[in-house]
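Student:
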Amino acid sequence: MMEGEETLLPKQQVIVLEVEGMMCMKNCGTTVQNALKNMDGVESAVVTYTEHIVTVRVLPYYSIDPSDLIDTLDMVGFDATLQVPFDMEPRNVVRLGVDGMMCMKNCGTTVQNALRLHEGVQSAYVDYDKSMATITIDPEHIGVVTEQDLIDTVECVGFDAYVFNHGERCRRRLAAKAKAALQDETEQSTSIAIAESSHPRAFFKIDGMSCAACVKAIEDVLRHKAGIVDCRVGLISAKAEIAFDRSIFVEHEDVQIGDFIRNAGYGATYINTIDGDDDSFEVKYDVEGLTGPEHIHAVESAVKALAGVASVSIKQHVVSVHLKQMSATGPRTVLDAIAAAGYTVSVHVAHADDTDEDESAKWKRLLLICLVFSLPAMVVHMVLGWIPACRMLLMSKVVNGLTVKCLVMFLLTTPVQFGIGLRFYVAAYKGLQHGMMGMDFLIVVGTTASYLYSFISMVGCILSPTFRGHHFFESSAMLISFVTIGKYLESKAKKDTAQSLGVLVKMQPKHALLIESTLNGGGAAMSKDRSIPIELVQRGDKLRLLPGCRIPTDGVVVHGQSSCDESMLTGESMPVTKSQGDIVFGSTVNQSGALVMESTCVGGQNTLSQICALIENAQMDKAPIQAVADKFASWFAPFVMVVALITFATWYVMLTLDVVPVEWKLSMGIVTSGHEDDLFISVLFCISTVVISCPCALGLATPTAVTVGTGVGSKFGILIKGGRALETARSADVVVFDKTGTLTVGHPSMTEVVVSEGGAVTARDVLYYAACVETQSEHVLGKAIVLAASEQEQLELREPTNFRVVPGRGLRATVPRRSDGQSSTTTQNMMDVAVGNSAWLEEQNVAIPSKMEAHMWELENEGKTVVCVTLNNVFAGLIALADTARPEAAETIAQLKRMGMKVWLITGDNARTATAVARHMGIDNVKAVALPGQKVEQIKVIQSRTSERTGKPHVVVMVGDGINDAPALAQADVGLAIGAGTDIALAQADMVLVKSNLRDVVTALDLSRVIFTRIKINLFASMIYNLLSIPLAAGLFFPLFHRMLPPACAGIAMAMSSISVISSSLMLKRYTPPVFSESFSLKKPVVGRPPVNGGRNMLELGKIRNRPYHPVDIQEN
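Residue numbers (UniProt numbering): 1 to 1117.
If you want it as structure tokens, here you go:
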């Protein structure tokens, strides 16, 4: 090479990729590097994890398309994009990273619009997937509009922003994921939930499930299928929710996923599919005249022409339309469009599903058929066989050695074994298909072995007159009968629970009164009312609410004043005053006045429907606790079969090889020197092993204790819905109470009347005048005042005149003066009486003495409602009303604390009232102003915490009475409903306190502990029995006793084990409830009340007739 000549080196290609999804350098970073290094032409690949980029150097004289690198990373599970060099971006383009956006429709649009409105911004575009905003600045504003200005603009609308950098964005995302993971770990949620994601979810109705094993079988099958992301199956609701990958199930997911469920042995009916990022809702219409493709096309075209329609599908005569939530197009708009196209159309009404009822009826029919055969079989075996005359007849020969008894038992047992027992054979077969051996398998093995041996013995008797076989057909018939009874009771309880949602749906009004504006002949605007189905209500509709009607949907009052009974939602008995601008809730009751409201939701999508969804979701999330017997049986059944086969093989080999001594053979009844009896003897040992290990005792250990225990509970006024509630309740360590109707009586009553010091009227005067005015009122507080005056104090009330209602303030009327000589002397015959709140008195310029104001504040601080009374525009006194506590409430809470329970009060009432009630009853933990959904969330929080005593998550018992408590009762581990509560609360509860006595909460929890202790004793006894009997039947003890256990004796031993378990369970009848102390007083006095002065005159009211009522003090100052 000549001096001074320049050497030209080949230019090397360098590619920088931005990589998404790397969680660490050790695994993810190494995977990315190795994948790229193995590509042809790549010299090196270096991952810079802090910036989440990879730098790829290509060999000299080699060129690689960056898309090939991106495809390679995509195959190993990482997304990548080519990094654009900073110096190549235009000067007027700024990229910002945006955190906090939850969606593109609302959040992304908000950020986008805010940036576009910024001075000097030419355009702005938000990429939601990349959490990035790209802003183009006008050339003349370059340098004027800075990056910080744009960041401030984004932050002003509630989102975090930063100068976009791929590494920074990845670090922020990882930090957010780590924070979320830490929060999930802290909460330790015990519920199974499908995360909200972009994956669509398909819903199916499942038929044929009977227990938790069925749920597990379906979930296991689905989760092993390609494309299934996750699934939830609800036993009570009989529904399945399956999240799937749309890239695999492109279409017809209803058929493919349904086939998965059907192949698992269960019925599946497709309901609908909801896309993860779809905010639309579905409305169905019945359309007449869709006879050909041209009609279908006409309807589709008419509907799709409307704004806000996401999709349209037509199946037969049903048109399904998906509408976007916030669209101006509503269900009525679509109906009008179809009608305008020339078709008769109406809203499609779904009919109730009677599957659960049919299931219960089927088990009842099977039980009756089973008893027709099994009862005579038991009579023949247990009764007639012990009567000498009958025994002679039963033991008479029919053919050779076949007796009448054997033939009769065969004829009675065979229909039970293969008719009624067919369901157990099918269930056992399904379980074996998926590698599961539950109680069905054990039932089939035990009954089949018993029946098969008896059948072989019967055949031997028919063939040989000298054959002395034993038969015990009745064992299989009795076991199948017991199991069928349990299945019937289970299906009946499931049906009652599943129907609870129907009760809620029936509370939804079917029609609404729509106000339509029209023009009369003169062109003037006028309005008319039209009744429409609730499904056709749209956002913005003006609806008229008449007094006494149920409010059709959620909305805002635009005209009128009234009071509404919202107890079905909040559980609080006090009516709520409604006027212009106030929110009203669907399915609550408008009581007194006429209102005009504007709907804020579509059709039945109101608060009540949300409660229904909460209940159903809680039912699906709550995995039933696997019964102890099923857990034990999961390995017991295979173990028994293995032992039986080993027994058969061992004895057959020993007899064939003459290992067994001659005296042993003689003891077995083998009198010949050959080996013709070897197989028979080995089979006898094998059958004895299977028969004696039949899970009779194991299967009866839990149901018999539950049956006797629930009977004992009903004796004490406690209805228990099955063994799951008992098993869970015995571990309970937190009890949550609702307030109204649970800890309190559920309706207001008068507690005090306070008059001014030195006043001219007495407390009885104030009560008399207020009650006379309130006789004309339908308000619940007014009724309480009238009740106290007329029933307790026996005051003679008179009819007022000039009665006038001031909405939201009070009542005014003219009342005749008291004439019993106890009132002040005056020449007037009539008194002008006003009863209302303190704000009304201020408006009327009526002065309230300072001491009375202080006393009124004290009463309100205790959670009481205070009513002011004036006579002739002069303040006369106060009347305090409150929802009084149940007399046994404080004592019950104290007893629960002695049992080691933590007690919570969760109520929809205000914090002041809730705190006062909790303080009075000795409750330390309070959650106030809790709507139904918030009650569920609070229970989830409690369940996520770890118990200091057990080191496990808390087991929560919820005690409630109202519809608003139903979601919480379903979410809690155990729900207890007060017997006087609503039907929906009773249906959702696991236990019902019939007597509405809170002491029964203590009894229920104590009884559950006693019953479960008995269950453990039964299971222990049955396992000990199997541990001793199986070796005995297998001949392990033959060398010691020289006696084999015949299958007949094995059957007797099996029966005796069942009898011992039943006898153990019957001992529960001796149960006695915990003893409460005769005299009980709170250790903590009620604080905040003014001291009782010695000079104050206390007047004790009497008791209301026909209803227990607490003594109430009328205080006079």
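Backbone N, C-alpha and C define an ideal beta-carbon position, used for all residues, glycine too.
(1) May I ask you to verify whether the stretch 704–719 touches the stretch 930–948, counting CB pairs closer than 8 Å and requiring at least 3?
(2) For L841, would you say it is in contact with chain C, using Cβ-to-Cβ distances shorter than 8 Å as the test?
(3) Buried or exposed for A732, going by 16 or more other Cβ atoms inside 10 Å?
(4) With the cut-off set at 8 Å, would you say S790 and A771 are in Cβ contact?
(5) Would you identify the three-state DSSP class for F260, choosing helix, strand or coil?
(6) So is G292 buried or exposed if we call it buried at 16+ other beta carbons inside 10 Å?
(7) Going by DSSP in three states, T946 sits in which element: helix, strand or coil?
(8) List the DSSP bridge partners of P816.
(9) Take F473 as the anchor and find which of D71, F410 and I296 has the nearest alpha-carbon.
(10) If you reduce the DSSP assignment to three classes, tell me which class M597 lands in.
(11) Among the residues of its own chain, which have a CB less than 8 Å from the CB of G29, if the five just before and after it don't count?
(12) Grouping DSSP H, G and I as helix and E and B as strand, with all else coil, what is H675?
(13) Could you check which residue in Q83, H920 and I893 has the C-alpha nearest to that of V16?
(14) Using a 10 Å radius around the Cβ and a threshold of 16 neighbouring Cβ atoms, would you call I1024 buried or exposed?
(15) Do the stretch 62–71 and the stretch 129–149 touch if we need at least three Cβ pairs shorter than 8 Å?
(16) Among all the DSSP beta bridges, which residues are the ones paired with S777?
(17) So, under 8 Å CB-CB, A161 and G97 are touching, yes? Tell me the CB distance rounded to an integer number of Å.
(18) Let me confirm a value: R724 is counted as buried when at least 16 other C-beta atoms fall within 10 Å, else exposed. Which label applies?
(19) Give the DSSP-derived three-state secondary structure of S346 in the structure shown.
(20) For a test of your reading of the model: does the CB of T134 fall under 7 Å from any non-hydrogen atom of the ligand NAD? Yes or no.
(21) Using a Cβ-Cβ cutoff of less than 6 Å, which residues in the same chain neighbour A916 once the five nearest sequence positions on both sides are dropped?
(22) My output table needs one value for D883: the three-state DSSP class, helix, strand or coil.
(23) Check F204 in the structure and name its three-state DSSP category.
(24) In its own chain, which residues sit with a C-beta less than 7 Å from the C-beta of V643, not counting the 5 before and 5 after it?
(25) With H, G and I counted as helix, E and B as strand and the rest as coil, what does DSSP make of K528?
(26) State the Cα-Cα distance for the pair I485 and C370, rounded to the nearest angstrom.
(27) What is the rounded straight-line gap between the Cα of L859 and the Cα of T907?
(28) Rounded to whole angstroms, what's the CA-CA distance from A202 to K430? Just pull it up for me.
(29) Ignoring anything shorter than 4 residues, give me the alpha helix (DSSP H) runs that lie fully in the stretch 701–765, in order along the chain.
(30) Scan the stretch 864–940 and note each continuous alpha helix (DSSP H) run of 4 residues or more that stays entirely inside, going in chain order.
(31) Which residues in the same chain as L174 place their Cβ atom closer than 8 Å to its Cβ, once the five residues preceding and following it in sequence are excluded?
(32) Are the stretch 460–467 and the stretch 400–409 in contact at 8 Å, needing three or more beta carbon pairs?
(33) What do you get for L1036, buried or exposed, if any count of 16 or more other CB atoms within 10 angstroms of its CB means buried?
(34) To test your reading of the DSSP string, which unbroken alpha helix (DSSP H) runs of 4 or more residues are found completely within the stretch 16–104?
(35) Tell me where the beta strand (DSSP E) around K952 begins and ends.
(36) Distance check for G560 and P800, CA to CA, integer angstroms please.
Tutor: Quick look at the numbers:
(1) The stretch 704–719 makes no contact with the stretch 930–948, as fewer than three CB pairs between them are under 8 Å.
(2) Protein chain content of the structure displayed is limited to a single chain, and chain C is not contained in it.
(3) Residue numbering aside, residue 732 sits at position 732 when the sequence shown is read from its first letter. Counting Cβ neighbours within 10 Å, A732 comes out buried, since at least 16 surround it.
(4) Position 790 of the sequence shown, counted from the start, is the residue given in the question as residue 790. Position 771 of the sequence shown, counted from the start, is the residue given in the question as residue 771. In terms of Cβ geometry, S790 and A771 form a close pair [threshold 8 Å].
(5) In the sequence shown, residue 260 corresponds to position 260, counting from 1. In this structure, F260 counts as helix in the three-state DSSP scheme.
(6) On the sequence shown, position 292 is the one that residue 292 refers to. Exposed, because fewer than 16 other Cβ atoms sit within 10 Å of the Cβ of G292.
(7) Here residue 946 refers to the residue found at position 946 when the sequence shown is read from its first residue. In the structure shown, T946 sits in a strand (DSSP, three-state: E or B).
(8) As a working mapping, residue 816 is identified with position 816 in the sequence shown. M830.
(9) Position 473 of the sequence shown, counted from the start, is the residue given in the question as residue 473. The candidate whose alpha carbon is nearest that of F473 is F410.
(10) Walking along the sequence shown from the start, residue 597 turns up at place 597. Note: M597 maps to strand in three-state DSSP.
(11) Start at 1 with the first residue of the sequence shown, and residue 29 comes out as number 29. Correct list, in chain order: M22, V47 and Y49.
(12) Locating residue 675 in the sequence shown gives position 675, where the first residue counts as 1. Here H675 sits in coil by DSSP.
(13) The residue you call residue 16 lines up with position 16 of the sequence shown. With distances taken between Cα atoms, V16 lies closest to Q83.
(14) On the sequence shown, residue 1024 is found 1024 positions in, with the first residue counted as 1. Flag for I1024 reads exposed.
(15) no
(16) Here residue 777 is taken as the residue at index 777 of the sequence shown, counted from 1. Under DSSP, S777 forms no beta bridge with any residue.
(17) Your numbering for residue 161 matches position 161 in the sequence shown. Your numbering for residue 97 matches position 97 in the sequence shown. A161 to G97, Cβ: 7 Å. Contact.
(18) Locating residue 724 in the sequence shown gives position 724, where the first residue counts as 1. By the 10 Å Cβ count, R724 comes out buried.
(19) Residue numbering aside, residue 346 sits at position 346 when the sequence shown is read from its first letter. Under the three-state reduction of DSSP output, S346 falls in the strand class.
(20) Although the ligand NAD was asked about, the structure shown includes no ligands whatsoever.
(21) Taking the sequence shown and counting its residues from 1, the one referred to as residue 916 is at position 916. Cβ within range, chain order: E862 and G863.
(22) Numbered from 1 along the sequence shown, position 883 holds the residue referred to as residue 883. If DSSP states are grouped into helix, strand and coil, D883 belongs with coil.
(23) Indexing the sequence shown from 1 puts residue 204 at position 204. F204 falls in the strand class under three-state DSSP.
(24) Translated into the one-based positions of the sequence shown, residue 643 becomes position 643. Only T689, I1030 and A1034 meet the Cβ criterion.
(25) For this step, residue 528 is matched to residue 528 along the sequence shown. Here K528 sits in strand by DSSP.
(26) Counted from its first residue, the sequence shown places residue 485 at position 485. Counted from its first residue, the sequence shown places residue 370 at position 370. Distance between the alpha carbons of I485 and C370 is about 10 Å.
(27) Against the sequence shown, residue 859 aligns to sequence position 859. Against the sequence shown, residue 907 aligns to sequence position 907. C-alpha separation (whole angstroms): 20 Å.
(28) Start at 1 with the first residue of the sequence shown, and residue 202 comes out as number 202. Start at 1 with the first residue of the sequence shown, and residue 430 comes out as number 430. Using only the alpha carbons, I get a separation of about 24 Å.
(29) Whole alpha helix (DSSP H) segments, 4+ residues: 723–729.
(30) 889–898 and 911–921
(31) Here residue 174 refers to the residue found at position 174 when the sequence shown is read from its first residue. Here the set comprises M23.
(32) yes
(33) Position 1036 of the sequence shown, counted from the start, is the residue given in the question as residue 1036. Answer is exposed; the Cβ neighbour count stays below 16.
(34) 30–37 and 66–75
(35) The residue given as residue 952 occupies position 952 in the sequence shown. First-last for K952: undefined, no H or E at that position.
(36) What you label residue 800 is simply residue 800 of the sequence shown in a count that begins at 1. What you label residue 560 is simply residue 560 of the sequence shown in a count that begins at 1. About 26 Å.
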